[in-house]
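Here the numbering used here = 1-based position in the sequence shown + 111.
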Amino acid sequence: MLGWSRLLPWVVLTFPDMEWASLTKVAKAYDLQNRLGFITEVARSIASFRGDSLTVDKLLRCESELERSLLVREETLCNETITNAERRWLAVRRPEPAKRWHLLTDLSPENLNYYV
112 MLGWSRLLPW VVLTFPDMEW ASLTKVAKAY DLQNRLGFIT EVARSIASFR GDSLTVDKLL
172 RCESELERSL LVREETLCNE TITNAERRWL AVRRPEPAKR WHLLTDLSPE NLNYYV
């Protein structure tokens, strides 16, 4: 997995008051709502672990909005050119939030412990 994708939850955690309506609109225009929803859920999990209830509430609202337009197709978080073997491996070992958002990735709050 590319390193930059591990930074995305940090952006969401650091700027929970960003212009979510515009971001969601652009994400939907480019069919990126599953990716944004997943990153938002990962960030929300970290905020919950930290006990930051204000951020949890904000991110939960954003996540719910994105969930209403969840795409059925399965895709990767950042690298569509992964091999079929990698796809199969990730399909079996991905975390529950990745399954829910139909993403093939191993990114989870547990492997982002430097955020907590």
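A virtual CB, placed ideally from N, CA and C, is assigned to each residue, including glycine.
* Asked: Does the count of Cβ pairs from the segment 191-205 and the segment 150-167 closer than 8 Å reach three?
  -> no
* **Sequence-distant residues of the same chain with beta carbon closer than 6 Å to V153, five excluded per side** => As a first step, residue 153 is located in the sequence shown; it is residue number 42 there, counting from the start. Contacts found: P120, P220.
* **Contact set for T166: own chain, Cβ-Cβ below 6 Å, skip 5 residues either direction** => The residue labelled residue 166 in the question sits at position 55 within the sequence shown. For T166, where only same-chain residues beyond five positions count, the Cβ hits under 6 Å are P127, A158.
* Asked: So, using beta-carbon positions, are Q144 and L171 closer together than 8 Å?
  -> Position 33 of the sequence shown holds residue 144. Position 60 of the sequence shown holds residue 171. Not a contact, by the Cβ cut-off of 8 Å.
* In chain order, what residues of the same chain lie with their CB nearer than 6 Å to the CB of H213, ignoring the 5 residues before and after it? -> Locating residue 213 in the sequence shown gives position 102, where the first residue counts as 1. N145, E185, listed in sequence order.
* Asked: DSSP on T187, reduced to helix/strand/coil?
  -> As a first step, residue 187 is located in the sequence shown; it is residue number 76 there, counting from the start. The answer is strand: DSSP assigns T187 an E or B state.
* Alpha carbon to alpha carbon, how far is A138 from A209? -> Within the sequence shown, the letter at position 27 stands for residue 138. Within the sequence shown, the letter at position 98 stands for residue 209. Computed Cα separation, rounded: 17 Å.
* Compare the beta carbon distance of S116 and C189 with 8 Å and say whether it is the shorter of the two. => For this step, residue 116 is matched to residue 5 along the sequence shown. For this step, residue 189 is matched to residue 78 along the sequence shown. For S116 and C189, yes; Cβs fall inside 8 Å.
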